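Beneath this line is the structure, given in structure tokens, with notes to follow.
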Amino acid sequence: MVNHLLPVVVKIPLLRVVNSPLEDRSHPMMVNDLLPVVVNIPPPSVFRGLRVQCLRVGNTEIPNDKKLEISLQHVYGIGRSRAHQILCDLSIGNKLTKDLTGVELNTLREEVSRYMTGEDLRRCIKHDIGRLVDIQCYRGIRHSVGLPCRGQRTSTNARTRKGKRVAIPGKKKPTR
């Protein structure tokens, strides 16, 4: 395996006290020197020639190499329309995320923090569904059984909610 470390010369400050017999011993002299040291550091992490960096907005890392409207959609609770609304409110153009200035990034973080996103939103949704289950309303019962609760048909569809189809043992297919 090839060692991919880059040699770099770093000058570190060296503080030493000089007490020579020619000088007055009651006043030691402080000397600042820069000591050159060769340090091997690893290169920046590169994946197939692309450097991947992310910004943190709304307790979520958003990609740095995409347009801002698409990057904001990586935050749980922000969709296409909410991302567009945030950019219009801040009057920030739909530019690449890495081109944001520090001021724009701070205002973007403040604006996103005004909305319920991430783990707070997940916790709120879970609490609401738990409340529906506790009061035993129709929607709560459907949630607890694992069936759709908005009136969709279940005799042939609803495979997303019901899970994979299970074969009934003993039942034979009719012959043609």
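Using numbering that gives the first Met the number 0, read the sequence shown as starting at 0 and increasing by one per residue.
Cβ atoms here follow ideal geometry from the backbone N, Cα and C, with glycine treated the same way.
No experiment lies behind these values; they were computed from the predicted model shown.
Would you identify the three-state DSSP class for residue i, choosing helix, strand or coil?
i	result
K66	strand
R152	coil
R55	strand
I91	coil
I77	coil
I85	helix
Would residue i pass as a contact of residue j if the rule is Cβ separation under 8 angstroms?
i	j	result
R121	V56	no
I85	E110	yes
What are the start and end residues of the alpha helix (DSSP H) that includes residue i?
i	result
V132	117-133
I140	137-144
V111	101-112
T174	Segment: none, T174 is in no alpha helix (DSSP H) and carries neither H nor E.
So residue i and residue j are supposed to be a Cβ contact under 8 angstroms. How far apart are they, rounded?
i	j	result
L104	L54	7 angstroms
Inter-stretch contact at 8 angstroms, needing at least 3 Cβ pairs: the region 83-96 / the region 50-64: yes
Given 8 angstroms, three or more beta-carbon pairs between the region 74-83 and the region 110-118: yes
Contact between the region 141-151 and the region 159-170 (3+ Cβ pairs under 8 angstroms): yes
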